[in-house]
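So the sequence lines, in the order shown, correspond to chains L and D.
Just so we're aligned: 165 in our numbering is position 160 of the first sequence, and the numbers increase by one with no gaps anywhere.
Just so we're aligned: 295 in our numbering is position 298 of the second sequence, and the numbers increase by one with no gaps anywhere.
Structure first, then comments.
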Amino acid sequence: MAELFTLPVLLGILYSGIRLATPYLYAAIGETFAQRSGVLNLGVDGIMLMGAYTGFYIAMKTGNLFWGLLGAAVAGFLMGLLMSVVSVTLQAEQGISGIGLNLFGLGLSTLLFKVTLGGVESIRGFQPIRIPLLGQIPYLGDIFFNHNLLVYGAFLLVPLANFVLNKTTFGLKVRAVGQNPQAADTLGVNVTLIRYTTVCLGGILAGIAGASLSLALINLFQENMTSGMGFIAVALVYFGGWRPWGVMGGALLFSFVNALQLWVQVKGINIPSDIAVMMPYILTIIALTFSGRRARQPQALTKPFERGEN
Amino acid sequence: MPSKTEYSRLFNRTIEALLPLLAVPVALLIGAAMIYALGVNPLQAYGTLFQGAFGNVSGLTQSLVKATPLLLVGLGVTIAFRGGVINIGGEGQLIVGALAATAFSIGFSDLPRIILLPLTLLMAALSGAVWGGVPGILKARLGVNEILSTVMMNAIALQLSNYLLRGPMIDPAEIERGTQIAQSDLLPQAAWLSRLMPRTLLHSGAILALIMAVLVYIFLWRTTIGYRIRAVGLNPDAARYAGIPVQFYQALSLILGGAFAGLAGGVEVTGVHHRMIEGLSGGYGFSGIVAALFGKLHPLGAVPASVLFGGLLVGADRMQRVTQVPSALITVILGLVVLFVVSSEIWARRRARRRETRG
């Protein structure tokens, strides 16, 4: 165990922990918006897969990572739109419609992958950019200020989301719609429009989350490459108490444990790797038990809205 | 003469009954558009698919073999949904059930068949029940969202299986040969489910699953516990007023749901593979949900639904071989079926509400 606690290893764990948190942050912040407006989008994993595939394919064909990123966002938006129609307009049971969206995204991304790419190929993804001055600080510079663009974007998203949710009219409407849609409706807030907006925004961010895998973290696309990360992102929203900073804390905790587990394997410490991989999932269940009290849960979460009810 | 309103009521009721059934044809239609976009004739692709699934004895028996775990998982999902909880943990529960069946039957291979086989399946169901029970108890005692915890339990089961199949449970022959394929030793023959037809994989697990479907129907509609589970699922507040311990029955529905998925795992190893292999579940945990939903969350409705989706899975492989349309198309179609079925419920709800306001 002692060899884990050397300085380079600890620095490595912190560095990769921050890196690994990226896809979870995008997806979970997006999901925070959806859930604060009262929609549980369980289809995040399927959206991420569509984003990962679309981003990768476009980036490979155009040779431009930013076109890929845009493509991932559009794919995510379309998936979000589909989820909105099903969950908001058609008022489908949200726990189940999410499973449908996941299967749809998993199937479609695999289908497109098989038809257009055929096999696993890799590309040169977003490269780390060392931030001037800050990047020169010993240790901290390496850990915090030497990442690729999507990592910075993910962490900047947190204060931004916090600001939008808590300090803008739009954020107020989102929260009102998630707490008491009937009252919000009476006050002239368009519940349907707000929910469409948040679910589509969540879709866009989930699409980017997928692209952060295929264009920055792993730099390739393969079948079902998210392997359930989208569900973790949904869990992180619960764990973070539906607040962006809390979500970030959860994402970092999860990713540090994941990074630790990876380093345990690299260092060849005598824990079976499969058991080590379990750790983050077990941690998530434990975290959920502690955040199980529903004090902060949006009151209208998973409840479809229909005017004139109650 | 029936009045005009009676006609319209009949019309509405017919639509309500038929809408979910339309989910499959509409999903297939969208699938056809995708096949067309791939430059393949949709009629030819679907023709190959259905021919491969139901067109001959070999296809038909394979479809039934695939339908068996789908039905068992679907029954578990049905019980959970009827109890108002969502069990997405079928995948993990199935894996754990398969592992337990394997370990138990190899460990007690001296037992006579008449004891060994039932006990093996019982162990599978029990371990699935434990795997579903953890989210169940967490939900009941601490209010932990069962959708999320069952998903996490899936990931944990998968890793547990990877670990056991590469380590403690690996087939000794694999180590000797140095091939190191992650699979267990063969189960003792006494623990194999009997084959129903020579030269096919069709095994008595299919009959077991059918019997289970009838038993679940009786359980849910003819017993007090089943009635209470449904009451909790229909309206937890009303059930609480009636003195039913809601949390207990929610946990129980997840435990029973887990037991059926675990049994599915046990049936897969004792009936099909005769050993635990990697990737044994093959997504049954999720396709079982589709079968349950398409069966209108009725145990007997799950029977034809499982056969249909089992057939689609079998036929998809043949479609891929013959027409090069990737079998992932079926996953797309399954996803669409779920989306359509849950979306169509709005009409039933609207009608119920109108009836309420009419008094």
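Where is the CB? At the ideal position from N, CA and C, for every residue including glycine.
Just so you know, these numbers come straight off a predicted model, no measurement behind them.
Contact list for residue i against chain D, beta-carbon separation under 7 Å
i, result
"Y243 of chain L", "N142 and L145"
"K119 of chain L", "P323 and A325"
"A97 of chain L", "V339, S340 and E342"
Buried or exposed by the 16-neighbour rule on C-beta atoms within 10 Å, applied to residue i
i, result
"N142 of chain D", "buried"
"R79 of chain D", "buried"
"V125 of chain L", "exposed"
"K136 of chain D", "buried"
"R24 of chain L", "buried"
"V54 of chain D", "exposed"
"Y31 of chain L", "buried"
"G22 of chain L", "buried"
"Y238 of chain D", "exposed"
"L74 of chain L", "buried"
"K178 of chain L", "buried"
"R180 of chain L", "buried"
"D107 of chain D", "exposed"
"G164 of chain D", "exposed"
"E36 of chain L", "buried"
"F245 of chain D", "exposed"
"A170 of chain D", "exposed"
Closer than 8 Å at the beta carbon, the chain D residues around residue i
i, result
"E126 of chain L", "Result: empty, since nearest Cβ-Cβ is about 17 Å, beyond 8 Å."
"S102 of chain L", "V335, L336, V339 and S340"
"T115 of chain L", "P323, A325 and T328"
"V91 of chain L", "L336, V339 and S340"
Residue i at chain D interface by Cβ criterion, 9 Å
i, result
"M230 of chain L", "no"
"Y62 of chain L", "no"
"I23 of chain L", "no"
"K66 of chain L", "no"
"Q187 of chain L", "no"
"L265 of chain L", "no"
"D279 of chain L", "yes"
"I290 of chain L", "yes"
"V239 of chain L", "yes"
"A57 of chain L", "no"
"G208 of chain L", "no"
"T197 of chain L", "no"
"R301 of chain L", "no"
"F109 of chain L", "yes"
"L30 of chain L", "no"
"G51 of chain L", "yes"
"L86 of chain L", "no"
Residue-level contact to chain L via CB, residue i, 9 Å cutoff
i, result
"F245 of chain D", "no"
"I85 of chain D", "yes"
"I153 of chain D", "yes"
"G356 of chain D", "Any answer about G356 of chain D is weak, because its pLDDT of 48 lies below 50 and its placement is not dependable; what the coordinates show is given next. By this cut-off, G356 of chain D is not an interface position."
"T328 of chain D", "yes"
"I103 of chain D", "no"
"F291 of chain D", "no"
"G130 of chain D", "no"
"V266 of chain D", "no"
"S5 of chain D", "no"
"V287 of chain D", "yes"
8 Å contact criterion, which residue i and residue j should meet: CB distance rounded
i, j, result
"S181 of chain D", "S191 of chain D", "Not confirmed; about 21 Å, so no contact."
"L108 of chain L", "F283 of chain D", "6 Å"
"I85 of chain D", "T147 of chain D", "5 Å"
"G208 of chain L", "G81 of chain L", "4 Å"
"P17 of chain D", "K119 of chain L", "So it is not a contact: roughly 30 Å between Cβ atoms."
"G312 of chain D", "A50 of chain D", "3 Å"
"G183 of chain L", "A305 of chain L", "6 Å"
Where residue i meets chain L, residues with beta-carbon distance less than 7 Å
i, result
"N159 of chain D", "D279"
"V148 of chain D", "G233 and F236"
"G164 of chain D", "P277"
"L35 of chain D", "V120"
Amino acids of chain L, ordered along the chain, whose beta-carbon sits closer than 8 Å to that of residue i
i, result
"Q156 of chain D", "D279, I280, V282, M283 and Y286"
"F410 of chain D", "Past the boundaries of the shown model lies residue 410 of chain D; chain D is included only from -2 to 356, so the question cannot be answered."
Beta-bridge partners of residue i, as assigned by DSSP
i, result
"S127 of chain L", "L:L225"
"I274 of chain D", "D:Q180"
"N151 of chain L", "L:R135"
"R192 of chain D", "D:H200"
"I167 of chain D", "D:S181"
Contact list for residue i against chain D, beta-carbon separation under 9 Å
i, result
"L293 of chain L", "L135, L139, V141, N142, L145, S146 and M149"
heavy atom of the ligand COA below 8 Å from residue i C-beta
i, result
"A100 of chain D", "Judged by which ligands are present, the structure shown has none, so any question about the ligand COA falls away."
Within chain L, partners of residue i - CB distance below 9 Å
i, result
"I27 of chain D", "Result: empty, since nearest Cβ-Cβ is about 10 Å, beyond 9 Å."
"L331 of chain D", "G105, L108, F109 and G112"
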